[in-house]
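Take a look at the structure below.
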Amino acid sequence: MDRLLLLMPRFMDYEKSLKENLNRKYEVCWLDSDEFDREILDKFYKCNKIRWGIRHLFRKCFNYDLEKAEAFFLENELGKICLEKNYFSVVFCINGPYLSDEFYKKVRMLNPNARYIYYAWDDVSNLIKKNHIRYFDEVYSYNIIECKKNKWNYLPVFVQESGVGHSKEDKYDIVFIGSLNDDRRKIADDLYEKYSSSYRLFIYLYDKKNVGGRFCHNSPLTNKQYISIMRESKAILDVPQICQKGPTTRAFDALLTETKVITVNKYMKYYPVYSDNMIIVDRDNINIPDNFMAKEYVINSYHSLSIDMWIKKIGL
Numbered sequence: 001m002d003r004l005l006l007l008m009p010r011f012m013d014y015e016k017s018l019k020e021n022l023n024r025k026y027e028v029c030w031l032d033s034d035e036f037d038r039e040i041l042d043k044f045y046k047c048n049k050i051r052w053g054i055r056h057l058f059r060k061c062f063n064y065d066l067e068k069a070e071a072f073f074l075e076n077e078l079g080k081i082c083l084e085k086n087y088f089s090v091v092f093c094i095n096g097p098y099l100s101d102e103f104y105k106k107v108r109m110l111n112p113n114a115r116y117i118y119y120a121w122d123d124v125s126n127l128i129k130k131n132h133i134r135y136f137d138e139v140y141s142y143n144i145i146e147c148k149k150n151k152w153n154y155l156p157v158f159v160q161e162s163g164v165g166h167s168k169e170d171k172y173d174i175v176f177i178g179s180l181n182d183d184r185r186k187i188a189d190d191l192y193e194k195y196s197s198s199y200r201l202f203i204y205l206y207d208k209k210n211v212g213g214r215f216c217h218n219s220p221l222t223n224k225q226y227i228s229i230m231r232e233s234k235a236i237l238d239v240p241q242i243c244q245k246g247p248t249t250r251a252f253d254a255l256l257t258e259t260k261v262i263t264v265n266k267y268m269k270y271y272p273v274y275s276d277n278m279i280i281v282d283r284d285n286i287n288i289p290d291n292f293m294a295k296e297y298v299i300n301s302y303h304s305l306s307i308d309m310w311i312k313k314i315g316l
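Using full-length UniProt numbering, read the sequence shown as starting at 1 and increasing by one per residue.
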């Protein structure tokens, strides 16, 4: 059996689902590519104002300091994978900005004949670095705009569930689920103040420290809990990170659960997933039309990609 090195972050059990499916054909070694992200950022941001200014003037300086912070964990990361010559036939990376260049160089040196595949499930422009993509021969991205700009292959994110469908009765009108970042707490508060009297709301923000307010919880929902809640809701509010242009997984999960989407992502209209079941609203002043909430969900021909289908698109 061929061996595959999977480099990807831990996120809502996506890594478990992908590894489980890849294990049907490969012996998979998974490395959490974001395991030391907080420690790396702590080291990276510990600098004086002058050095910080130089970093922004000279990208080479920025990259040098980041590489130095990432390389501190190099031996730890290499110790979790096999370092035999030509051990892996495939090296598959998702995002991976917190692994040092030295890590990628070492893997390529040991596995010169392997197939190197990269997938971006976040906007590459928002990653702390992007120069590591040069170590991969095949590049895919969920972001259509970046694909056109860089001549990459467009591939939407996969969904973990299949054949879900919608509940016979709705428990909620609007659900808002996500991690606490950017302006989501303010949006949650505004949503509650504005619509709690007219709509049944479910608001759940994951905040590890649980200091973010009344809608925050110190443990995230499991994917099954999240999907179950969506099945019982007429619509989900989609609030990506402020600089994010590509669609979140909510847009594709909503296809599974036949849930309408209220999104603040103005770029959504450029994606095949966009339909009459979606509405784009102003992030700074969310106004949800009553007629959108009242209309029925319309089944369309566009479908989410299951993990099996997604893997086949890449040729694995």
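Note that the Cβ used here is the ideal one computed from N, Cα and C, for glycine as well.
Could you check whether Leu57 and Glu102 sit closer than 8 Å to each other, using their CB atoms as the reference points? no
Have a look at Val91 and Pro289 and give me their C-alpha separation to the nearest angstrom. 47 Å
Cβ-Cβ separation, Leu78 to Lys105 (assumed contact under 8 Å), whole Å: With a Cβ gap of about 11 Å, Lys105 and Leu78 do not count as contacting.
If contacts are defined as beta-carbon pairs under 8 Å, then Tyr140 and Asn153 qualify, I think. What distance do you get, rounded to the angstrom? 5 Å
So, at 6 Å on beta carbons, what are the nonlocal neighbours of Tyr274 in its own chain, with the 5 sequence-adjacent residues on each side left out? Met268
For Cys29, write down the residues that DSSP places opposite it in a beta bridge. Leu5
Hey, Ile299 and Leu191: beta-carbon distance below 8 Å or not? no
For Met278, the three-state DSSP class (helix, strand or coil): strand
Every unbroken beta strand (DSSP E) within the stretch 54-130, with a cutoff of 3 residues, ordered by chain: 90-94, 115-120
Per DSSP, which residues does Val175 bridge with? Please list them. Phe202, Ile236
Could you check where the alpha helix (DSSP H) with Tyr192 kicks off and where it finishes? 184-195
Distance, Cα to Cα, Leu255 vs His303? 7 Å
What number of angstroms, rounded off, separates the C-alpha of Ser33 from the C-alpha of Ile280? 33 Å
Do you know how far the Cα of Gly165 is from the Cα of Leu205? 24 Å
Roughly how many angstroms separate the alpha carbons of Glu35 and Glu20, rounded to a whole number? 20 Å
Relative to the C-alpha of residue 319, which candidate in Asn181, Leu127, Ser228, Leu22 has its C-alpha closest? Any answer about residue 319 is impossible in this case: the structure gives the chain only from 1 up to 316.
Taking C-alpha atoms, which residue in Thr257, Ile133, Ala120, Arg24 lies nearest to Arg108? Ile133
In the DSSP assignment, what residue or residues form a beta bridge with Asn285? Asp282
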